[in-house]
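In terms of the numbering used here, the sequence shown has 121 at position 120, counting the first letter as 1, and numbering is strictly consecutive.
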Amino acid sequence: MALLEVNNLALSFAGLHVIKELEFSVEEGSIASLIGPNGAGKTSVFNCLTGFYRPTAGTIIFNGKSIIHKKPYKITRQGMARTFQNLRLFKSMTVLENVMSGMHCRSSAGPIGAILRTGAQQKEEAEINEFCERCLDFVGLLAVKDRIASNLAYGDQRRVEWARALATQPKLLLLDEPAAGLNHVEKQQLIGLIKRIRDQLGITIFLIEHDMGLVMKVSEKITVIDYGEKIAQGNADEIQNNSKVIEAYLGKEEDEIV
Ligand SMILES: Nc1ncnc2c1ncn2[C@@H]1O[C@H](COP(=O)(O)OP(=O)(O)OP(=O)(O)O)[C@@H](O)[C@H]1O
Ligand SMILES: [Mg+2]
């Protein structure tokens with residue numbers, strides 16, 4: 002069953018067609034990827050899915066419900082979480098506080114409870130704390146939970162983002178270039194982490210990535226876009242041998258500069 006279904010999606014900025022009649026789906030429980038050359042429109046697709054951009058046309062059905070034109074926080078509450086291409090941590094907050102900010106969308110205590118610190122509020126806070134620690138443990142960062150986020154190494158800061166995304170308790174996790182800036186060892190750990198998130202937590206994963214080795218290793222289905230249009234879809238073998246994909250990445254033979 003498709004957890005995410007996108008049809009005829011279009012997005013324009015002042016006459017520039019960034020996404021054109023895009024169609025794809027992500028199966029529940031799968032690891033899927035969206036790839037394409039720089040500027041192809043991949044992040045814009047994520048921005049449409051998560052409510053950051055307002056598509057000009059099309060439908061987006063997530064978990065059986067339309068989410069088009071909904072506010073980002075509502076989409077998060079419905080079970081879609083994301084990480085960004087560039088780090089977006091609260092730099093002066095601790096690692097744990099950053100993760101707790103992700104769980105905010107699930108907490109129920111209102112401002113009165115927060116001021117009076119009622120029994121219910123304290124109980125909820127303890128539960129949030131415990132759950133966020135489990136998220137940090139899952140990504141291997143529990144030992145540094147009280148450190149200031151910006152003092153961590155770059156690769157660890159990225160893992161704080163994944164823990165924060167997990168803390169929203171998503172059904173679908175969107176990762177925008179999770180391997181960018183990681184070294185070889187960290188990339189291998191990332192592959193393991195992506196598989197564990199799906200296998201142990203049952204979270205569906207949809208990722209954008211330029212590291213083809215990683216894409217081919219983890220993805221069960223790959224959608225390729227170029228200039229905002231879908232040019233191919235299939236498994237790793239099919240994509241690697243697709244002439245349109247090769248052309249989009251390497252250029253046509255006649256384009257060669259002599
Ligand atoms: N807010 C915006 N206003 C105007 N143009 C935009 C906006 N956001 C994206 N674009 C344009 O849309 C196109 C696709 O950008 P996008 O960031 O989605 O590409 P991408 O596939 O994620 O690229 P990369 O691999 O470099 O991250 C680019 O031409 C970009 O300049
Ligand atoms: Mg991008």
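Just so it is clear, CB atoms sit at the ideal spot from N, CA and C, and this is done for glycine as well.
What first and last residue would you give for the beta strand (DSSP E) that runs through N9?
A3 to F14
Just to confirm my understanding: we take Y250, look at its own chain, exclude 5 residues before and 5 after, and list those with CB closer than 8 Å. What are they?
P38
Could you check where the alpha helix (DSSP H) with T77 kicks off and where it finishes?
P73 to R78
When you get a sec, list the residues whose CB is within less than 5 Å of any heavy atom of ligand 1, chain order please.
Ordered along the chain, residues surrounding ligand 1 are F14, V19, N39, G40, A41, G42, K43, T44 and S45 [Cβ under 5 Å from any heavy atom].
Consider the C-beta atom of D212 and the heavy atoms of ligand 2; say whether any pair is separated by less than 7 Å.
no
Please report the straight-line C-alpha distance between P56 and S13, rounded to a whole angstrom.
8 Å
Count the CB pairs spanning the region 160 to 167 and the region 79 to 99 that are closer than 8 Å, and state whether there are at least three.
yes
Taking just the CA atoms, how far does S151 sit from K92?
5 Å
Taking the alpha carbon of I192 as the reference point, which residue from G214, L202, G182 and E28 has its own alpha carbon closest?
G214
Can you tell me whether DSSP reads Q122 as helix, strand or coil?
helix
Mind checking whether the beta-carbon of D177 lies closer than 7 Å to any heavy atom of ligand 2?
yes
Under three-state DSSP, which class holds L17?
strand
I76 to N242, Cα distance in whole Å?
36 Å
What is the residue span of the alpha helix (DSSP H) that A168 lies within?
Y155 to A168
According to DSSP, simplified to helix, strand and coil, what is E29?
coil
Taking Cβ positions, are G59 and V19 nearer each other than 8 Å?
It is not a contact, given that the beta carbons lie outside the stated cut-off.
Measuring only the C-alpha atoms, how far is L202 from E187?
21 Å
Can you tell me whether I209 sits near ligand 2, meaning its C-beta is under 7 Å from at least one heavy atom of the ligand?
yes
Identify the continuous beta strand (DSSP E) that holds K222 and give its terminal residues.
From DSSP, the beta strand (DSSP E) with K222 extends over K222 to D227.
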